[in-house]
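First residue of the sequence shown? That's 0 in numbering that gives the first Met the number 0, and the numbers climb one at a time after it.
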Amino acid sequence: MVGRGMSHLSHPDLQMPRITRDEADVQSIVKLLEDDWTNPFDPNESEFVSISIGTFPPPDVARDILDAHKIGMEAYEGFKRDRLEDKKPKTQFYDKMTKKRLKMFSDIRKKPSASNPNKVILQADRKLFAHMVLVAESRHLQMSDVLSHLLEPLPWALANGDGTLRKTNKAVLTRELEKQVLPAETIPGPSATIIDGMSLVQKMKGNDQTFSQRAASALTQIIHEGARSQRIDVVFDVYQEDSIKNSKRANRGCSTGIQF
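Quick look at the structure:
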């Protein structure tokens, strides 16, 4: 047995080349998180960032959020001093209190309201309508044709009222596509099965101890789902260089949102 290696007794994940490669991958992720992405939980970060809408709040909103505890303590001290501690208080205990009405992240994109819910509030610049009239007169256009087009300063399907990029819900498109397809009890052949790779990984249980076991479990589920199909495609999220989500990715980590 002299000269035989002992590589069969050690796990591949514990060998030095694999350890070195895994450590390099971990360091690359750490570098991406620390240097390229914005960390909203960093105490040294100079600005706040809203994770839900992906934008930075204006100075007045950030000031109210930062000083919320201080403003609350000052209001408490004033209530205690003016209504409880003074022998002859000018303000009675049950008198009306004034709310501070501090601004929060929800006030960044506060929706307008109307007295009549059936009315639609239209916000547009007056210069837009003036320019529309000038173009119609100079080009001899009919106002009925001009008014048949969208009369907004921004495309509401792509942008919010403040000019920032609108984050749409991709599930809406899926539901619209499902409405056009009737459920079938039997699928005629030849057929293909398309599986969402990320959804498959998230639904897998944590009983597997190694990546090899997890891959084997995923392969078993994939083969079971597409047993009656001639082709099985497992689709994962990819980051293509030319994508419709380039503007959203560029917005991550920026100090200001992308505006139209």
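From the three backbone atoms N, C-alpha and C, an ideal C-beta is built for every residue, glycine too.
Check                                                                                           : Outcome
Candidates His68, His223, Ser228, Asp195, of which the one nearest Val237 by Cα                 : Asp195
Per-residue DSSP class, three states only, for Ala158                                           : strand
Element boundaries [beta strand (DSSP E), containing Val180]                                    : Neither: Val180 is in no beta strand (DSSP E) and is coded neither H nor E.
Coarse secondary structure for Ile120, derived from DSSP in three states                        : Its pLDDT being 44, under 50, Ile120 is placed unreliably in this model, and the value from its coordinates should be taken loosely. The answer is coil: DSSP assigns Ile120 none of H, G, I, E or B.
Segment contact, 8 Å Cβ cut-off, at least three pairs: the segment 53-62 with the segment 81-90 : no
Backbone CA spacing between Val48 and Ile70 [nearest angstrom]                                  : 21 Å
Cβ-Cβ distance between Ala158 and Leu164 below 8 Å                                              : yes
Backbone secondary structure at Thr167 - three-state DSSP                                       : coil
Distance, Asp94 Cα to Tyr75 Cα                                                                  : 15 Å
Reference Phe104, options Val60, Gly205, Met96, closest by Cα                                   : Val60
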